[in-house]
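Numbering (my numbering), first residue to last: 667 to 803.
Glycine is no exception: its CB is placed at the ideal position from the N, C-alpha and C atoms.
Below you can see the structure in the form of structure tokens.
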């Protein structure tokens with residue numbers, strides 16, 4: 667079981683690193699406002715997520731629902747614990763990159779909404795000034 671767990675951890679680490687690279691590429695496209703490339707990234711992220719999920723399901727079926735932390739500490743294998751630590755580190759980096767991308771997308775959406783509101787005001791009549799310099803509605 668230890669050898670197969672090492673294999674699963676290695677494959678999971680590679681898949682998570684691919685996901686991190688994909689999210690970093692998405693970040694680059696968000697910053698450059700390349701909308702069509704962002705749309706392409708969506709399918710790539712979904713594909714890599716599916717790969718990670720399949721490996722995760724394989725790991726869960728092998729461990730039988732037991733905590734990975736308990737398994738790693740029980741085997742007392744240095745390579746296994748290093749792989750587990752690396753996976754946790756990459757997961758934290760993934761979470762940070764995902765949150766960063768979400769914030770940038772929300773900012774971009776807010777900016778776009780403001781620009782559209784400036785170009786197309788929602789009220790039927792435009793705001794004008796009267797003879798006294800007050801806004802007339």
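query	result
Near the ligand COA: residue 720 beta-carbon under 7 Å from a heavy atom	This structure lacks the ligand COA, and indeed carries no ligand of any kind.
Start and end residues, alpha helix (DSSP H) containing residue 698	668 to 698
Selection from 727, 674, 750, 795 that minimises the alpha carbon distance to residue 738	750
Range covered by the alpha helix (DSSP H) that runs through residue 767	744 to 785
Extent of the continuous alpha helix (DSSP H) run through residue 715	701 to 729
Separation of residue 673 from residue 726, as counted between CA atoms	14 Å
Distance between residue 684 and residue 710 (C-alpha atoms, nearest Å)	10 Å
Residues that DSSP places opposite residue 801 in a beta bridge	795
CB contact flag (residue 681, residue 714, <8 Å)	yes
Residues of its chain near residue 760, where Cβ-Cβ distance is below 8 Å and the 5 sequence neighbours each way are ignored	682, 685, 686, 689
Proximity winner among 691, 762, 721, 699, relative to residue 774 (alpha-carbon distances)	699
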